[in-house]
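See structure below.
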Amino acid sequence: MTPLHWTVEANRRAGERFMARDLDGAISILEEATTGLGPEHQEHARFLYENLGLIYLQTHLVRHAALCFLRALDGDPVSREQSLRLLIVAYARLGQRWEALECLRAFEARFGPHPDGVRADQL
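If you read the sequence shown in my numbering, its first letter stands for residue 261, the second for the next number, and so on.
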């Protein structure tokens, strides 16, 4: 199975678990999938990390979520709108104001106002 097929299949299975409200099952599938891919497959892994971050955020594993969003962005903060948007939320929840502000500035410059209404004066 190619890395692309591997990631698509893992994402599909995790999505099924997520929709069934089995968040632990979805996390397990995505964690296993991300460890099975090497650095050369980062492009394929980005959406896995993004989805894993979403679930971590919902389960209040905020630091884990932030790390996943950083992996999804892979050094290019404006490459994935959703990852950057949720990284801002994660940093704010963690009390990392400076990081949240830096990300918010990058977000607003590329995508406009944060859709959740997050503003610099709120951080």
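Cβ atoms here follow ideal geometry from the backbone N, Cα and C, with glycine treated the same way.
These numbers come from a predicted model, not from an experiment.
Could you have a look at residue i and say whether DSSP puts it in helix, strand or coil?
i           : result
residue 302 : helix
residue 379 : coil
residue 313 : helix
So the alpha helix (DSSP H) residue i belongs to, where does it begin and stop?
i           : result
residue 349 : 341 to 354
residue 284 : 283 to 295
residue 265 : 263 to 279
residue 320 : From DSSP, residue 320 is part of no alpha helix (DSSP H); its letter is neither H nor E.
I think residue i touches residue j, with their Cβ atoms under 8 angstroms apart; what is that distance to the nearest whole Å?
i           : j           : result
residue 346 : residue 314 : 7 angstroms
residue 294 : residue 280 : Not a contact, Cβ separation roughly 21 angstroms.
residue 333 : residue 343 : 5 angstroms
Judging by CA-CA distance, which residue of the options is the nearest neighbour of residue i?
i           : options            : result
residue 395 : 342, 350, 369, 344 : Any answer about residue 395 is impossible in this case: the structure gives the chain only from 261 up to 383.
residue 267 : 301, 376, 357, 360 : 301
residue 292 : 309, 282, 365      : 309
residue 282 : 370, 353, 262, 316 : 316
Identify, in the order they occur along the chain, each residue of the same chain with its Cβ nearer than 8 angstroms to the Cβ of residue i, setting aside the five sequence neighbours on each side.
i           : result
residue 289 : 270, 273, 274, 277
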